[in-house]
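There are 4 protein chains.
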Amino acid sequence: MSTNGTNAILLIHCPDQPGIISSVTQFLADYQGNVVDLDEHVDRDHNVFFMRVEWEMENFGISKEDLPDYFRENYADRYNMKWELYFTSKKPRMALFVTKLSHNLFDVLGRQQSGDWNVEIPLMISNHEHLRDIADRFDIPFHYIPITKENKKEQEKRQLELLKENQIDFIVLARYMQILSSDFIGYYTNKIINIHHSFLPAFPGAKPYHSAFDRGVKIIGATSHYVTSDLDAGPIIEQDVVRVSHKDSVKTLIRKGQDLEKIVLSRAIYAHLQRKVLVFNNKTVVFD
Amino acid sequence: MSTNGTNAILLIHCPDQPGIISSVTQFLADYQGNVVDLDEHVDRDHNVFFMRVEWEMENFGISKEDLPDYFRENYADRYNMKWELYFTSKKPRMALFVTKLSHNLFDVLGRQQSGDWNVEIPLMISNHEHLRDIADRFDIPFHYIPITKENKKEQEKRQLELLKENQIDFIVLARYMQILSSDFIGYYTNKIINIHHSFLPAFPGAKPYHSAFDRGVKIIGATSHYVTSDLDAGPIIEQDVVRVSHKDSVKTLIRKGQDLEKIVLSRAIYAHLQRKVLVFNNKTVVFD
Amino acid sequence: MSTNGTNAILLIHCPDQPGIISSVTQFLADYQGNVVDLDEHVDRDHNVFFMRVEWEMENFGISKEDLPDYFRENYADRYNMKWELYFTSKKPRMALFVTKLSHNLFDVLGRQQSGDWNVEIPLMISNHEHLRDIADRFDIPFHYIPITKENKKEQEKRQLELLKENQIDFIVLARYMQILSSDFIGYYTNKIINIHHSFLPAFPGAKPYHSAFDRGVKIIGATSHYVTSDLDAGPIIEQDVVRVSHKDSVKTLIRKGQDLEKIVLSRAIYAHLQRKVLVFNNKTVVFD
Amino acid sequence: MSTNGTNAILLIHCPDQPGIISSVTQFLADYQGNVVDLDEHVDRDHNVFFMRVEWEMENFGISKEDLPDYFRENYADRYNMKWELYFTSKKPRMALFVTKLSHNLFDVLGRQQSGDWNVEIPLMISNHEHLRDIADRFDIPFHYIPITKENKKEQEKRQLELLKENQIDFIVLARYMQILSSDFIGYYTNKIINIHHSFLPAFPGAKPYHSAFDRGVKIIGATSHYVTSDLDAGPIIEQDVVRVSHKDSVKTLIRKGQDLEKIVLSRAIYAHLQRKVLVFNNKTVVFD
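Chains as they are written, first to last, in this note's numbering: chain A, 3 to 290; chain B, 3 to 290; chain C, 3 to 290; chain D, 3 to 290.
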């Protein structure tokens, strides 16, 4: 396979020590890797080094096939790195989980359809039939998997099978109104992106707009985060807010908040697709 | 006393019913009250009507002295109103409570000194000596009243005496690091303005910047509210936020947050001085 | 026709004088009009009074048919009012003009389809074929009307015929890349909503993201306004901004800006649909 | 002189080529320079590399005295770098130019006085006497240098002498209402920081709040930039905005805008003090 036009993206984190940047950039220079983007960050509290580097594979002196082993033996092991390697020639495959609300769904589908995002969406999964019509309009296979307290375990098994069959890389919960089990989450660590309709950690759980209204806040927010088994407490990827006032009712808070939810979830997905998010210690590094 | 240049400001809230606005505006029209500003709001959940109206006293057909009785008998009692009446000729008197941090203090003093605010500051009270020098530079009497667990009750009594002697109308806690007793608060209901260095209800209590850092939020905030006996849970007057990232340390969160604290507290004080804040049900109506 | 569930919305502006609010609210009270929303504003520089009042028609003592004449004779003429009267039972009809970019289009269609907006979209008009497929997916008739310098006059005539046939109330230019003639605009005064991809009045005209990049601004914006014959200078309905930095390229400015364009245009359309926008002196009053 | 606690800060820009980061970081590693902060940026349109690196001088293998020559000979010349080298042990010296408005002045002085900023302010220069009292309160020598069309050249000469005598490193125009001559500016290239009270490039020149009011914008802004001979067109360091509405008068725009001016100017000064601003091609790189 030709690597024309393909970029490699390397994500690293490891204990900080002098010489890491120098080593990695020297390595790329030695093999004629034209660096397109380089970001690094040092967490000085925990003494951890983070790096994302993207370079062109055309003319690079090591093949896509040999690169993982080469990098592991010569660098990753030496610096005790956690690392991920991606090639832009491989389109990520995303599953969409939804329930009844369509605002996030339309926003995500519009971006994919317009070609703004480099992503495949091979399936939608829902515990309700409400949004099947939208899936049909966008030609995306729709799987209705209703959930009850009794059948949850077995239905999650069905979901997992579908995800596996479709070689899903990551999952987006676009206002999916079910809590995933720890077992399920364990299969997709830092690969399930949720949108919560509040400025976390304020108003976790159910009905945050009602709580915001009752508390009389002057600003509301939305938060996109990776799902962990601790409800609404996973690593935050992106947040945004909008000003409100005493004039707002719960209804107008919901309307204003849904605009936030759309933008915040889509920004988080985009950062994930660009491989710009690293997770450490239940927090994210999001390069921009 | 001449009422040239004096405005009257009337704040009302009462059960909503047809005809209130019509009654009040007709009353002002009948007595040649030139309305400078009129704001109203209806809380449709609780069926409560709120109004702020400001008019010129010059040429008004009822004197400042007679106005309260006249209004009570003809309107307030009829509509079962809670109401407050202010005249702009009377300068509000504010007490400043501080501890060690000076950013809010400088901001407040600068605004008063420049004449942007129509306010007297007859005294500062502090449980530490750190900021006496600033009080001196601005010619404001500084009272050092240290607080310990043992002497708190008696020291609050001293504070209350000072406030009374100085005919204080309202109190601003400009990063005053002591919790006021319920007794103390009871003397100044909806007249003590605090600045909390987080986006409430997220991170109440101590060290919110540290908590924000630990949680990995992407936006931090500040909140100004009236003090109630429920810590950091009083009616919110104003909030604002600023974007942060993984690059921020606790130290830079503090630096960025202090800019928010300054602006948010000063906006809240200004709204209070303009008599634009009404409190109902632990929430505020802030007219703008 | 029953008026159950129908609200009336009255928009007024006129020279300010004492007693207008009192008159109008008394009139509604007299005929048992239950006021749902009342907003007023006085432009003290030009001494102009603005009002929007919405009330329930059920049980109202004057019929929809008689209301216009009654109001004109008893109030509008007396106060020299400009006024508009709407009933929520009549769904506004919107035409969408597009060219090649789809982000605003998807956002508008998603909101209509989900039922968030009370609006009919009987047709799309475009000078390119690119977005026909999206129109098809949403079952909206698509009219391809290419424009050249030579045929512009005659093609605008075709557009106007289509708008008339479809009884269009207002037009949304969702990144329509043609300048409308003054003649065309004259038929839809304050009824054509445009989205411009800059923070006007900065960067009017073509390629604002390139200009923003060249100037090195730290914040970019988007502006929705009514179209007048003066390019990008019509009354502004809504604006919003997002922070950028030296790291942004023209390409990332465009990506970040498109999110603004979506939200800003949709907020403007929503305000227009709610009849919350009044125009005076090339500026808007937007009640919220 | 001991270098205990002293950091070195190196700012670089040069034509981009592979190996620069690697070279510089290797150099610091070789001489035991503990890197505290490293930021780099590549402008891919102009192929320019930017870098800011800060490291501890304690234990560093090259003395402060030898470092400039060593760096020039071994690195700067090789890569054709423009570079600046600072040591944190040397406190920058700032001159404040003011006229009549005090809001920026109080904000700047409060930050210096509280110790938040590492800066000396040896003098204030003003073309009016209005703010002398504030200078006195903060013990800063105040120089009254009135300017007329006739005496401008000679008065600027006096200003320059004062700046030289006081070994001023950079100048802050805190709402100084005079246009500096090109000659004057030439002595302090990228060392004069101005605050303009609009969201540039919108509303350059005089009375921007009046222009914003007349145009009916929904958001106003403030811009801090380095002064060049092209009025209000120098490299932008920082901008911020606040939402306004039809309710705002020119007076309230000014009040809200002044809060922006304070924060924006102070953020720009702080970035300059931290040596985080690089200028290229009339634009800034501001590391954060």
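Cβ coordinates follow ideal geometry from the N, Cα and C atoms, glycine included.
At a beta-carbon threshold of 7 angstroms, none of the residues of chain D lie near residue 210/C; the nearest stands roughly 11 angstroms away. Judged by DSSP in its simplified three-state form, residue 149/D adopts coil rather than helix or strand. Residue 224/D sits close to residue 262/D, with the two beta carbons spaced by under 9 angstroms. When the five nearest sequence neighbours on each side are left out, the beta carbons in the same chain lying within less than 7 angstroms of the beta carbon of residue 105/B are those of 260, 263, 264, in order along the chain. Within chain B, no C-beta atom comes less than 9 angstroms from the C-beta of residue 254/C; the nearest is roughly 16 angstroms away.
For residue 267/B, same chain residues with a beta-carbon under 6 angstroms away, outside a window of 5 residues either side, are 106, 197, 226 in chain order.
In this structure residue 97/A is not in contact with residue 187/A, their Cβ atoms being roughly 14 angstroms apart against a cut-off of 8 angstroms.
A check of alpha carbon separations from residue 145/B across 139/B, 133/B, 151/B identifies 133/B as the nearest. Per the coordinates, the alpha-carbon of residue 204/B lies some 20 angstroms from the alpha-carbon of residue 176/B. Of the residues 50/A, 249/A, 88/A, 40/A, the one whose Cα lies closest to the Cα of residue 38/D is 50/A. With fewer than 16 other beta carbons inside 10 angstroms of its own, residue 207/C counts as exposed. 9 angstroms or more divides the Cβ of residue 194/C from the Cβ of residue 161/C.
In this structure, the alpha-carbon of residue 245/B lies about 12 angstroms from that of residue 246/C. Within the same chain, 144 come within 8 angstroms of residue 138/C by CB-CB distance, once the 5 residues on both sides are set aside.
Residue 234/B and residue 202/B have their C-alpha atoms spaced approximately 8 angstroms apart.
Taking 9 angstroms as the CB threshold, residue 257/B stays off the interface with chain C. Put simply, the backbone Cα of residue 42/A is about 4 angstroms away from that of residue 53/A.
Using a Cβ distance threshold of 9 angstroms, residue 136/A and residue 115/C count as a contacting pair. Between residue 9/B and residue 90/B, the C-beta gap is smaller than 9 angstroms, which places the two residues in contact.
Identification of chain B residues near residue 102/A by a Cβ-Cβ cut-off of 8 angstroms yields none; the smallest Cβ-Cβ distance measures about 25 angstroms. Counting along the chain, the unbroken beta strand (DSSP E) around residue 226/C starts and ends at 221 to 228. Taking the CA atoms as reference points, residue 149/A sits about 25 angstroms from residue 212/A. The beta carbon of residue 95/A sits closer than 7 angstroms to the beta carbons of 122, 124, 168, 169, 170, 171 from its chain, once the five residues preceding and following it are set aside; these are given in chain order. Annotation: the continuous alpha helix (DSSP H) that includes residue 266/C extends over 252 to 275.
Residue 191/D counts as exposed, since fewer than 16 other C-beta atoms from the protein chains shown sit within 10 angstroms of its C-beta.
With a contact defined as Cβ atoms closer than 8 angstroms, residue 119/C and residue 275/C qualify at about 6 angstroms. Contact with chain D is found for residue 43/C, since one of that chain's Cβ atoms lies less than 9 angstroms from the residue's Cβ. Within its own chain, the residues whose Cβ lies closer than 6 angstroms to the Cβ of residue 130/B, once the five positions on either side in sequence are excluded, are 101, 102, listed in chain order.
Close partners of residue 247/D in chain A (Cβ separation under 9 angstroms) are lacking, with about 11 angstroms as the shortest Cβ gap.
By the Cβ neighbour-count rule, residue 290/D is exposed, with fewer than 16 other Cβ atoms within 10 Å of its own. Residue 155/A has its alpha-carbon roughly 12 angstroms from the corresponding atom of residue 147/A. According to DSSP, residue pairing for residue 286/C in a beta bridge involves 281/C. Ranking 255/C, 140/C, 209/C, 22/C by CA distance to the CA of residue 222/C puts 255/C first. Residue pairing by DSSP puts residue 85/A in a beta bridge opposite 14/A. Within the segment 51 to 125 of chain B, the complete alpha helix (DSSP H) segments at least 4 residues long are 69 to 73, 105 to 115, listed from N- to C-terminus.
Look at residue 286/C: its C-beta is under 9 angstroms from a C-beta on chain D.
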